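These notes concern the structure reproduced below.
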Amino acid sequence: MSTPLTIALPKGRLYDRVQKHFETKGIFFEFEKRKLVAYDKEENLKIYLVKNSDLPTYVAHGIAGLGICGEDVIIESGHQFHKLLPFSFGGTSLSLAGLKDFSLENLNGPLTIATSYTEMTRKHFHKKGIPVKIIRLNGSVELAPVLGLAPCIVDLVETGSTLKANNLEIIQKLQDIRVHLIANPAYYKIHYKAINNFIQQIRED
Amino acid sequence: MKNNLLRLPQGTESLYLEETFRHRKILRHMEDLTERWGYMPVQTPVFDFYDNYRTLLDSKLDDQTYKLIDREGDLLMLRSDITLFLARQMGMILTEEELPVRVYYSDSILRYQDHEDISSHEFFQTGCELIGKPGLEGDLEILFLLAELLENFKLPTSRIHVGSTLVFQTIAGALNEEDSRLLAQYLQTREESEIRKTLGRAYKKEDASALTALLLFIGTGEDFALQKVQWDTLLDGTLKESLDHLKAISDSWSAVEGFDEMFNIDLSETGNQAYYSGIVFNAYTEGCGTSVASGGRYDGLMDHFGYRGDKPASSIGFSMFLRKLETLSTMKIPESMVSKKMDENMSALEKLTETRK
Chain G
1 MSTPLTIALP KGRLYDRVQK HFETKGIFFE FEKRKLVAYD KEENLKIYLV KNSDLPTYVA
61 HGIAGLGICG EDVIIESGHQ FHKLLPFSFG GTSLSLAGLK DFSLENLNGP LTIATSYTEM
121 TRKHFHKKGI PVKIIRLNGS VELAPVLGLA PCIVDLVETG STLKANNLEI IQKLQDIRVH
181 LIANPAYYKI HYKAINNFIQ QIRED
Chain R
1001 MKNNLLRLPQ GTESLYLEET FRHRKILRHM EDLTERWGYM PVQTPVFDFY DNYRTLLDSK
1061 LDDQTYKLID REGDLLMLRS DITLFLARQM GMILTEEELP VRVYYSDSIL RYQDHEDISS
1121 HEFFQTGCEL IGKPGLEGDL EILFLLAELL ENFKLPTSRI HVGSTLVFQT IAGALNEEDS
1181 RLLAQYLQTR EESEIRKTLG RAYKKEDASA LTALLLFIGT GEDFALQKVQ WDTLLDGTLK
1241 ESLDHLKAIS DSWSAVEGFD EMFNIDLSET GNQAYYSGIV FNAYTEGCGT SVASGGRYDG
1301 LMDHFGYRGD KPASSIGFSM FLRKLETLST MKIPESMVSK KMDENMSALE KLTETRK
């Protein structure tokens, strides 16, 4: 038997989608209760279940050679990976949102934004020449305009229902966020044949 | 005071006891082997005037370089790239009659590289430079020396991926500056559709597809020879000479037993320094998340530092990150004499007798 490829998958909603997609391609696996390492039935893959935001770190250090995660996590990590295959599922968008009466035109100073995505936010607005003051939050950012911490937020928006519930609306979309199969560049260079075969197997029709 | 003793400045690194022993042992091994190939040691300064290098630093290396102001108010930089410091040293002293010159070095460099590893900004590099030997012969000598070293270090599966800056530059030459930068970025991340899209802004659709396949190619010399035929005629044959050169390199390594397994042609390798001008390469080893050695050809660099010979001081070299190799090497390290033989109860006289045996 050849050595299995190592792949990290993120806990949470995306995991379910990846598992379902892999099953349609004949790759079956499940994690025993509380265990975070599993093999697929054929033992071609060794799979690690990790926290979404930690996934790039495991791949960057070569602990897992491959990983599946969104561009938001990749960009925020600051690491560079091979983005070998984009998926149609799990996509979302990074958007600027604020209270209904907020307008970008009425600014008379830097735009204050609360967000968990500080890197992407800074890059986006600096590229556009708009000065920003960024306040980092680790979750529930939609509370920031409601409680008066910042007039607007940058966050991932899937359906927009959380924004609506908090009386917020999208001001502009910053970028689309897609889910990718990523690889540690050095790992890819050593295992490119096996990885290319794996890509052919999991490629969407 | 106690707390300060526990704190370490971010990025510093020390080696301890057996770790140091292992480090030195591998280094000695490297020095012995390269000296047998005719290479002589050199030492570069730990800092130099920033202005001497300013135009040669790309924005990434410039960002990563530590700078300081000396007592006269001049801006200095700490050694962040040995090749640059060595080129200045050699450019000033070498004469045409002395070429070719073979040198090796073992020094630390200091770079701020938090995206790679926040715990270490001090990297120990050892490497070789072959100055004044242009073309295929020079390329092969450096590639084969690196392969020989990696084999001698008894590493897990290792591969040297050889690419060409010239192929990339010829293709990117038709793009505007921003698209050229994007192409390099997408090639680093191997985003096939983005590469094709970027090339499509300067080339016909079918050419953009063929060039994408070429730039993303990784394979053995044999795989490359099969594909190359269809790429020779691309862009009115302007790539053919560079592709022929890569083919000649792969033909040569195929002639050495075991080297077919050690090398790949990889056109996504385009070099990470602005001064590269020919082949470029990276070495990868199973178990290490980044390359363990890298290098390439950089003809013309020495001219920048005052070399004025008629014969070109073309150069090619590589550097290895020794700390990465140490953890992977299965080279047998003999146990320290201190722990076994030199027992604490032994008197100085007994030690002297023992060591003189």
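Chains G and R are the protein sequences, given in the same order.
63 is the number that my numbering gives to position 63 of the first sequence; each next residue is one higher, with no gaps.
1290 is the number that my numbering gives to position 290 of the second sequence; each next residue is one higher, with no gaps.
We put the CB at the ideal spot given by N, CA and C, even for glycine.
Note that the coordinates shown come from a computational prediction; the quantities given were computed from them, not determined experimentally.
- Cβ proximity to chain R below 8 Å picks out 79, 80, 81, 82, 83, 84, 86 from the region 79-98 of chain G.
- For the pair residue 1162 of chain R and residue 1223 of chain R, the Cα-to-Cα distance works out to about 14 Å.
- Residues of chain R with a Cβ closer than 7 Å to the Cβ of residue 184 of chain G are, in chain order, 1289.
- For the C-beta of residue 61 of chain G, the chain R residues within less than 8 Å are, from N- to C-terminus, 1289.
- Counting along the chain, the unbroken beta strand (DSSP E) around residue 182 of chain G starts and ends at 168-183.
- For residue 1159 of chain R, the nearest beta carbon of chain G is closer than 8 Å to its own beta carbon.
- At a cut-off of 8 Å, the C-beta of residue 1233 of chain R has no neighbouring C-beta in chain G.
- In this structure, residue 1158 of chain R lies near residue 1262 of chain R, with their beta-carbon atoms less than 8 Å apart.
- Below the 8 Å Cβ cutoff, chain G contributes 189, 192 as neighbours of residue 1218 of chain R, in chain order.
- In the same chain as residue 194 of chain G, and ignoring 5 residues on each side of it, the C-beta atoms closer than 8 Å to its own belong to 2, 5, in chain order.
- Chain-order list of chain G residues neighbouring residue 1188 of chain R: 80, by C-beta distance under 7 Å.
- Remark: three or more beta-carbon pairs, one from each stretch, lie closer than 8 Å, so the region 114-124 of chain G and the region 134-150 of chain G are flagged as touching.
- Of all residues in the region 1052-1078 of chain R, none comes within less than 8 Å of chain G when Cβ atoms are compared.
- The region 1218-1238 of chain R makes no contact with the region 1181-1190 of chain R: fewer than 3 CB pairs, one atom from each, lie closer than 8 Å.
- Taking 8 Å as the cut-off, the beta carbon of residue 1202 of chain R is found closer than this to the beta carbon of residue 1175 of chain R.
- Contact between residue 1086 of chain R and residue 1044 of chain R is confirmed by a C-beta separation of about 5 Å, below the 8 Å threshold.
- When the Cα atoms are used, residue 1051 of chain R and residue 1042 of chain R turn out to be separated by approximately 23 Å.
- Note on residue 72 of chain G: 16 or more other CB atoms within 10 angstroms of its CB, so buried under the neighbour-count rule.
- Listed along the chain, the chain G residues whose CB falls inside 7 Å of the CB of residue 1284 of chain R are 186, 189, 190.
- For residue 1235 of chain R, the closest alpha carbon among the candidates R/1327, R/1350, R/1204 is that of R/1204.
- Bounds of any alpha helix (DSSP H) do not take in residue 1173 of chain R, whose DSSP letter is neither H nor E.
- Residue environment: residue 1010 of chain R is assigned as exposed (fewer than 16 neighbouring CB atoms within 10 Å of its CB, all protein chains considered).
- If you keep only unbroken alpha helix (DSSP H) runs of at least 4 residues inside the region 126-162 of chain G, you get 143-147.
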